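As structure tokens, the structure follows; a few thoughts come after it.
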Amino acid sequence: MNRFALGCGVVVAILLFIVVIAALALGGSYNRLVRLQQTVDQSWAQVQNVYQRRADLIPNLVNTVSGAANFEKSTLVEVTNARASVGRVQLDPNKAPTDAAQLEQFQAAQGQLSNALSRLLVVVERYPELRANQNFLSLQAQLEGTENRISVERGNFNTAVQNYNVAVRSFPTNLIAGMFGFPPRPFFTAQTGAERPPPVHFDAPDARGDHLAVVAYREMIPGSTRASRVVCGALAANWDWRAKLQRAFKKLGLLLRSVRRGAERYTFATANPSYGGRRCPHPGGQAVRSPAILRCLAMGLYLALASYAFAAEVIPPKPDRYFNDYAGVVSKEAAHRFNEQLAEFERDTSNQVVVAVFPKMQSDSDVADYTQRVAQAWGVGQKDRRNGVVLFVFTGDRQMFIQVGYGLEGALPDITAFDITEYHIKPYFRVGDYENGLTTGIDLICKAIRGEYKGSGKTVAEQGGNFRASSLLFFVIFVIALIVISRVMRRLGGYGYSSRRGGPIYFPMGGGAGGGSSGGGFSGFSGGGGSFGGGGAGSGW
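Start counting the sequence shown at 6; every next residue gets the next number (our numbering).
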């Protein structure tokens, strides 16, 4: 009887153990789905926030542009109607949609508004009084920054949806998702025709003598952030790339024609051996049709050249200092001074400001997109405050951009970043005075974001070094305590682990941990995990 009761008790205990493990697994999976769902909803709210930011800017833009003489009124009406159509698509701003049709309708309305804005800003290029209007330039910079944010937040939303959908459709989590109502969420998708680049037509000079490069906006991809940045003036400041593009395609055409002529001669020589060793003219003045292999060769050559022209993007490794002059435009003394200034600024404010000067941009994407990805990879700024700023300068491309972390967008808005680059740094860079331009830019950036947060008197790198030192000290104290306890236990007759005589115990300590900065008064940089949402602005010179 006792054995039977004991057996029943064991079985009951095993069943209870299984139930507890299953409940814990069920609760863990459910909580994970809830966290992923909340991440999706948070990303959706941020997407709605940046779209609303653009909608709020449009009335001011329309009022400013409508004051220009003889401006196309139909374009303004189109923008106003497109903004109204966006407002008619009602979606919960705090909960991501579960219906793909609703998201597609929302995306179509936003794409229509993007297309209308693109047409408006292209037409603006014909009005010099608007291009000289400071209020319009301010709105233009803010719209361009908003397009950057839209691109970033849509990408973040798709990443959150992907993580959520993978969890919802994976076994055995899919069983829990079906039981508790966690349906898959739809993605933002590319607009129809996004695989085609927007065509660009170069018109002749107009009656005013202005050389206008007019984008064929009627065929422009709706909702394309790249197209929006083109018409926002990101490329309108410098059209040197037009001549480079024309020269490149001219050379490519000449090269392909040379290959074709060579193949024709080879084909004719193969068919007429009597011409071997001599120049093979086309018989009867007619060209020999090139074989199919010529077309394959031409296509392969074109793809090879395209691959070379559009090389893979390179994200530079995270720097170990605040000021990084990879192009060698300032002296070592100036670089050291900038580095110490920015290190002391972090100690006072906890804000991290990093400057990176490169010879060329190692990407074929837009400077705003590329620098946002680099700043995000470096993790400039603290993770909880997201208070990082990075000033990128590409001397060979004659471009610069200030990337602003989420937590500092209020203190350093797009128009302020544009003002710093366009009106304070740019005049120095144009005459090759990089040191004074960087001095001015760093001072203005620090002035704008000072006071947002309070520093701890130490940088992230210095805090990391102190943490390693304290961890080492704690480990040493813990080992000494173990030795003392073990010897006391042996004397009291307790258990032991050494020989009968209790010989000495040796603990190899290794080389220890390094400090937060190197010697010689150098202040090292270490990112704190900050994040960037596309805020900021830049200029070319």
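All C-beta atoms, glycine included, are put in the ideal place defined by N, C-alpha and C.
All of these numbers come straight from a predicted model, not from anything done at the bench.
In this structure, Asp402 is the residue among Asp374, Asp402 and Gln377 with its C-alpha nearest to the C-alpha of Ala332. Classified as exposed, Ile482 has fewer than 16 neighbouring CB atoms from the shown chains inside 10 Å of its CB. At a cut-off of 4 residues, the continuous stretches assigned as alpha helix (DSSP H) that sit fully inside the region 345 to 384 are 372 to 383. Ile407 carries a strand assignment under DSSP once its states are collapsed to helix, strand and coil. Leaving aside the five residues that flank Tyr433 on each side, the residues in its chain whose CB is nearer than 6 Å to its CB run, in chain order, Asn441 and Gly442. Between the region 175 to 186 and the region 35 to 47 there are three or more inter-stretch CB-CB distances shorter than 8 Å, so the stretches are counted as touching. For Asn392, no beta strand (DSSP E) segment is defined, and its DSSP state is neither H nor E.
From the listed residues Pro98, Gln147, Gly446 and Ser528, the smallest Cα separation to Glu351 is found for Ser528. Leu108 counts as buried, since no fewer than 16 other beta carbons sit within 10 angstroms of its beta carbon. In the three-state scheme derived from DSSP, where H, G and I count as helix and E and B as strand, Asn329 is classed as strand. Counting other Cβ atoms within 10 Å of its Cβ, Arg435 stays below 16 and is therefore classed as exposed.
Around the Cβ of Ala89, a 10 Å sphere holds fewer than 16 other Cβ atoms; the residue is exposed. Here Ala27 is exposed. Its C-beta has fewer than 16 other C-beta atoms within 10 Å. At the C-beta level, Val372 and Gly183 stay beyond 8 Å of one another. DSSP places Ala101 in the coil class of the three-state scheme, outside both helix and strand. For Val358, the number of other beta carbons within 10 angstroms of its own is at least 16, and it is reported as buried.
If you draw a straight line from the Cα of Val16 to the Cα of Ala30, it is about 21 Å long. The C-alpha of Arg93 lies about 39 Å from the C-alpha of Gln387. Sequence-distant partners of Cys451 (beyond 5 residues in either direction) whose C-beta falls short of 7 Å from its own C-beta, in its chain, are Phe350 and Val358. The closest CA to that of Arg154, considering only Thr426, Tyr375, Val55 and Leu396, is found on Val55. Per DSSP, reduced to three states, the secondary structure at Ala542 is strand.
Counting every other CB atom within 10 Å of its CB across the protein chains shown gives Asn86 a total below 16, marking it as exposed. Going by C-alpha positions, Pro133 is about 13 Å away from Leu126. Bounds of the alpha helix (DSSP H) holding Leu29 are Asn7 to Ser71. Glu83 is positioned such that its CB atom lies closer than 8 Å to that of Arg124.
DSSP places Arg190 in no alpha helix (DSSP H); its state is neither H nor E. About 4 Å separates the CB atoms of Gly539 and Val157; that is less than 8 Å, so the two are in contact.
Under a 10 Å Cβ-count criterion, Gln139 is classified as exposed, with fewer than 16 other Cβ atoms of the shown protein chains found around its own Cβ. Within the model, the alpha-carbon separation for Val385 versus Glu345 is close to 17 Å. A buried status is given to Pro418, since no fewer than 16 other beta-carbon atoms sit within 10 Å of its beta-carbon.
The beta carbon of Ala340 is closer than 6 Å to those of Phe328 and Asp330 in its chain, skipping five residues each way along the sequence. If you ignore the 5 residues before and after Val24, its C-beta comes within less than 8 Å of no other C-beta in its own chain.
Burial is judged here by how many other beta carbons sit within 10 angstroms of a residue's own beta carbon; Leu347 has at least 16 and is buried. In this structure Phe9 is exposed. Its beta-carbon is surrounded by fewer than 16 other beta-carbon atoms within 10 angstroms. Taking the CA atoms as reference points, Met405 sits about 14 Å from Ala380.
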